[in-house]
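See structure below.
Structural data, given as structure tokens:
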């Protein structure tokens, strides 16, 4: 990986850290101090690039630009292709208050593991006690959504939002 400043010179005092993740990797760019600066990043080969700070899919590219912000790491997902679509399977029946139904979350065919934010809403309002992050791959993982005895009745929307691509798998849970 090479980094260039706006004038084409090599960008200095920026640490590049890379972690493997299946067929892809996570990359962080970090400058301890200095000035904010635009950088052109050149990869050894074209990858599907997800900017995790701006929540943008930059597409399949070999070069891209980003802002280097002092004292703040910027993370990127570098994948061989787009994030595969996740599946979120809901219980087949309504549940009563006090239950703890399990949803199955997976990324079929994935060779990596992906992070998902689990959000639950009722009547458009987020239920803060159901805001979690889970990591799953091709094998389904159970996501338990405990329903308290004083939680509202009705339909709950359960979303599993993949943190590289922002794609969401959704399901509905009926609470009687």
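Numbering (my numbering), first residue to last: 437 to 612.
Don't be surprised by glycine CBs; every beta carbon is placed ideally from N, CA and C.
Practice task
Could you tell me which residues DSSP puts in a beta bridge with residue 579?
Solution key: The beta-bridge partner set that DSSP reports for residue 579 consists of 539.
Practice task
Note the first and the last residue of the continuous beta strand (DSSP E) segment covering residue 453.
Solution key: First-last of the beta strand (DSSP E) with residue 453: 451-457.
Problem - Classification of residue 542 by the beta-carbon crowding that lies within 10 angstroms, buried from 16 upward - result: Answer is buried; the Cβ neighbour count reaches 16.
Exercise for the section: Return helix, strand or coil for residue 443, following the three-state DSSP convention. Expected result: In the three-state DSSP reduction, residue 443 falls in the coil class, being neither helix nor strand.
Practice task
Indicate whether the contact test is met: 3 or more Cβ pairs, each with one atom in the stretch 482-500 and one in the stretch 573-589, closer than 8 angstroms.
Solution key: Taking one beta carbon from each stretch, the stretch 482-500 and the stretch 573-589 have fewer than 3 pairs nearer than 8 angstroms; the two do not touch.
Exercise for the section: Under the assumption that residue 519 contacts residue 600 (Cβ atoms under 8 angstroms), give the Cβ distance between them as a whole number of angstroms. Expected result: Yes, they are in contact, since the Cβ atoms of residue 519 and residue 600 sit about 5 angstroms apart, within 8 angstroms.
Problem - Extent of the continuous beta strand (DSSP E) to which residue 549 belongs - result: Where residue 549 is concerned, there is no enclosing beta strand (DSSP E), because DSSP gives it neither an H nor an E.
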